[in-house]
Amino acid sequence: MQICFLQHVPFETPARIQSWAKKHSIPTHTVHLYRNEALPDPREFDILIIMGGPMGVNQSDTYPWLENERDLVKRTLDHGKKVLGICLGAQMIAAALGASVYPNSNREFGWFPIDRINPSSREVWPQTGPLTVLHWHGDTFDLPAGSELIASSKACRQQGFIYGSQVLGLQCHLEMDAMAIQSLLQNCRNDLNHPGAYIQSESDILAYNPQPSVAHALQGLLDRFLL
Numbered sequence: 026m027q028i029c030f031l032q033h034v035p036f037e038t039p040a041r042i043q044s045w046a047k048k049h050s051i052p053t054h055t056v057h058l059y060r061n062e063a064l065p066d067p068r069e070f071d072i073l074i075i076m077g078g079p080m081g082v083n084q085s086d087t088y089p090w091l092e093n094e095r096d097l098v099k100r101t102l103d104h105g106k107k108v109l110g111i112c113l114g115a116q117m118i119a120a121a122l123g124a125s126v127y128p129n130s131n132r133e134f135g136w137f138p139i140d141r142i143n144p145s146s147r148e149v150w151p152q153t154g155p156l157t158v159l160h161w162h163g164d165t166f167d168l169p170a171g172s173e174l175i176a177s178s179k180a181c182r183q184q185g186f187i188y189g190s191q192v193l194g195l196q197c198h199l200e201m202d203a204m205a206i207q208s209l210l211q212n213c214r215n216d217l218n219h220p221g222a223y224i225q226s227e228s229d230i231l232a233y234n235p236q237p238s239v240a241h242a243l244q245g246l247l248d249r250f251l252l
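Quick note: the sequence shown uses our numbering, first residue 26, plus one each step.
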């Protein structure tokens, strides 16, 4: 088994997912799209994991590689491989499956609860119910046809979905540890200047620390979906 990470910016890394892969002795390779590194052939890996980023799925005029990335997602699914998307990555998967991606009615930056749902088809969460997680997004997407919702928040209905046993999409950030959050704030703190009911201050974001529960939830999710 081998994992291929697609990374859009230097400061949104696999973080906890990389640690999970190391724990399970799963080799990984990262393609840094911001360096214009070449995309791999789907036959070269078993799992594709797409990280977040400040750009939008529909900004291919500014980021031409977005079109090629969407095509890679489609080809990866055609090859029967698993795909996990985080934030922008989840939006990219939704677009590849034919769903629309567009600005959400609420920007969501900070720690807010999601409601975890196990769909009728399978168990994906180690436990259901509320979990406070980090959010950092202004866009959302329609649920792709044939997929099932696994998480929602008050500000954004589509917080997580599965598509059969191949796709897991997460709008929220379970993968970010304390170091990753510091890096995100250093590069994107201007996002917090917008008014909104779901935008926290930098001090509030740094003061809150639900890391053990978030790490446990992510580990259970990855164990169920990827192993």
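Don't be surprised by glycine CBs; every beta carbon is placed ideally from N, CA and C.
Please read all numbers here as calculations on a predicted model, not as lab measurements.
{"query": "So what does DSSP say about Lys179, is it helix, strand or coil?", "result": "coil"}
{"query": "May I ask which residues mark the beginning and end of the alpha helix (DSSP H) holding Gln236?", "result": "Gln236 to Leu251"}
{"query": "From the DSSP output, which residues share a beta bridge with Gln184?", "result": "For Gln184, which the question treats as bridged, DSSP gives no partner whatsoever."}
{"query": "Mind reading off the beta-carbon distance from Ile139 to Ala176? Whole number of angstroms is fine, and I expect it under 8 Å.", "result": "5 Å"}
{"query": "Along the chain, which unbroken stretches of the beta strand (DSSP E) at least 3 residues long are found entirely within the stretch 90-160?", "result": "107-111 and 126-141"}
{"query": "For Leu251, which of Trp45, His33 and Pro39 has the nearest alpha-carbon?", "result": "Trp45"}
{"query": "Could you tell me the distance, in whole angstroms, from the CA atom of Val108 to the CA atom of Arg95?", "result": "12 Å"}
{"query": "Between the C-alpha atoms of Ala180 and Asp103, what's the straight-line distance to the nearest angstrom?", "result": "33 Å"}
{"query": "On the CB-based measure, 16 or more other CB atoms within 10 Å of its CB, does Ala203 come out buried or exposed?", "result": "exposed"}
{"query": "Have a look at Cys29 and Asp164 and give me their C-alpha separation to the nearest angstrom.", "result": "25 Å"}
{"query": "Taking just the CA atoms, how far does Leu64 sit from Leu58?", "result": "8 Å"}
{"query": "List the DSSP bridge partners of Phe30.", "result": "Thr55 and Ile74"}
{"query": "Please return the same chain residues whose Cβ sits closer than 8 Å to the Cβ of Ser238, not counting the five positions on each side in sequence.", "result": "Leu156 and Thr157"}
{"query": "Are Ala40 and Ala205 closer than 7 Å when you measure CB to CB?", "result": "yes"}
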